[in-house]
Amino acid sequence: MSNQLPVINLMGPTASGKTALACQLYEQGNFELISVDSALVFKDMDIGTAKPTQEEQARYPHHLIDLISPLEVYSASQFVDDASALIEDMHSRGKTPILVGGTMLYFKALLEGLSSNLPGTDYAVRAEIEEKAAREGWEAVYAELCQVDPLAGQRFKMSDKQRITRALEVFKLTGEPITKLQAEQPKNLPYKYNFHNYALMPDRLELHKRIEKRLEIMWEIGFLNEVKGLMKKYDLDENLPSMRSVGYRQALDFLKKSDQTGEKQREMEDRALFATRQLAKRQYTWLRSLQEKHKFTTYFTIEQAQEDLRNCHG
Numbered sequence: 009m010s011n012q013l014p015v016i017n018l019m020g021p022t023a024s025g026k027t028a029l030a031c032q033l034y035e036q037g038n039f040e041l042i043s044v045d046s047a048l049v050f051k052d053m054d055i056g057t058a059k060p061t062q063e064e065q066a067r068y069p070h071h072l073i074d075l076i077s078p079l080e081v082y083s084a085s086q087f088v089d090d091a092s093a094l095i096e097d098m099h100s101r102g103k104t105p106i107l108v109g110g111t112m113l114y115f116k117a118l119l120e121g122l123s124s125n126l127p128g129t130d131y132a133v134r135a136e137i138e139e140k141a142a143r144e145g146w147e148a149v150y151a152e153l154c155q156v157d158p159l160a161g162q163r164f165k166m167s168d169k170q171r172i173t174r175a176l177e178v179f180k181l182t183g184e185p186i187t188k189l190q191a192e193q194p195k196n197l198p199y200k201y202n203f204h205n206y207a208l209m210p211d212r213l214e215l216h217k218r219i220e221k222r223l224e225i226m227w228e229i230g231f232l233n234e235v236k237g238l239m240k241k242y243d244l245d246e247n248l249p250s251m252r253s254v255g256y257r258q259a260l261d262f263l264k265k266s267d268q269t270g271e272k273q274r275e276m277e278d279r280a281l282f283a284t285r286q287l288a289k290r291q292y293t294w295l296r297s298l299q300e301k302h303k304f305t306t307y308f309t310i311e312q313a314q315e316d317l318r319n320c321h322g
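Just so we're aligned: 166 in this note's numbering is position 158 of the sequence shown, and the numbers increase by one with no gaps anywhere.
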């Protein structure tokens, strides 16, 4: 449709090279960049999130970076509101937005719309659920979920603590199963945006090498010192959304313990590497799920993507 606004979505797992690709595109055309990354919204979290440096941001300005402190919460709903306003503004100035990142939940929310009938987070209810878990174990919490929302019980594993908590929270606030409310979710269609979806999905072995290299550099340039600085500046705990980011959770746990030998540090670094690989695995799964519903162009190498996107949008 001629009145639809073009939006380029550039998705990929961590360390796939998508940010570098977006910056190259930025140089070639009339584009602006919007970050789609739930970790980059946090101020003072730079090294562990692979945030573009101040010099890089000056050359390639990214929107939706450094929005809130590590103590605050940023939701998919807020992302959709912020990104939509930016997209409108960019088009009013004759620019084409490139949305780049690896937080697939945000892309999904933008592509498919959000359920307007789901309540926001209620920390008192969450605390009640977590207290029950501490008192009776997650088995009891999971059993309660299976009783009030059997479909969610089938979908979630007992290890999916965040999803179980959210599902029970929604039931306690609304009296309705989250699966029922999600099934009634309105779609933002017909959509006023014309999405051009691109996925950068390198070979797993190649990606694992890049992840390992990225983490090596991260430790070398002072990631542990960054987390120490965060601990001095903020009252951090491992349940904050910011501290659920891979690397930060492992470093925070390590720094809070008295045993900080070289051996324990290497174990912590190994756990961070494993968690980052697991994140990439989840991102691949999310991408495949999105590709089942939406039109995508997939690239397995950065070079392939550079050539094609230069021709498409140059």
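Quick reminder that beta carbons are idealized off the backbone N, C-alpha and C, glycines included.
Quiz prompt | Beta-bridge partners of residue 40, as assigned by DSSP | solution = 105
Quiz item: Apart from the five residues just before and just after residue 75, which ones in its own chain have a Cβ nearer than 6 Å to its Cβ?
Solution: 49
Exercise. Taking only the alpha-carbon atoms, compute the straight-line gap between residue 96 and residue 13 and give it to the nearest angstrom.
Key: 9 Å
Practice problem: Can you say whether residue 131 is buried or exposed, counting buried as having 16 or more other CB atoms within 10 angstroms of its CB? | Solution: exposed
Self-check item: Under 8 Å between C-beta atoms of residue 242 and residue 77
Solution: yes
Quiz prompt | Extent of the continuous alpha helix (DSSP H) to which residue 216 belongs | solution = 212–228
Practice problem: Measure the alpha-carbon distance for residue 62 versus residue 299 and round it to whole angstroms. | Solution: 34 Å
Quiz item: Any idea which residues DSSP pairs residue 166 with across the strands?
Solution: The partner list for residue 166 (beta bridge, DSSP) is empty, contrary to what the question assumes.
Quiz item: Taking Cβ to Cβ, would you say residue 226 is nearer than 8 Å to residue 110?
Solution: no
Quiz item: Does DSSP put residue 242 in a helix, in a strand, or in coil?
Solution: coil
Self-check item: Whole-Å CB distance - residue 153 paired with residue 145, under 8 Å assumed
Solution: Going by Cβ atoms, the distance from residue 153 to residue 145 rounds to 13 Å, so no, they are not a contact pair.
Quiz item: In whole angstroms, what separates the C-alpha of residue 106 from that of residue 37?
Solution: 11 Å
Practice problem: Would you decide whether residue 55 is buried or exposed? Buried here means 16 or more other CB atoms lie within 10 Å of its CB. | Solution: buried
Quiz item: Roughly how many angstroms lie between the CA atoms of residue 309 and residue 316, to the nearest whole one?
Solution: 11 Å
Exercise. Measure the beta-carbon distance from residue 79 to residue 133 and round it to whole angstroms, keeping in mind my assumption that it falls under 8 Å.
Key: Not quite, the Cβ-Cβ distance comes to about 20 Å (not below 8 Å), so this is no contact.
Self-check item: residue 16 (DSSP reduced to helix, strand or coil)
Solution: strand
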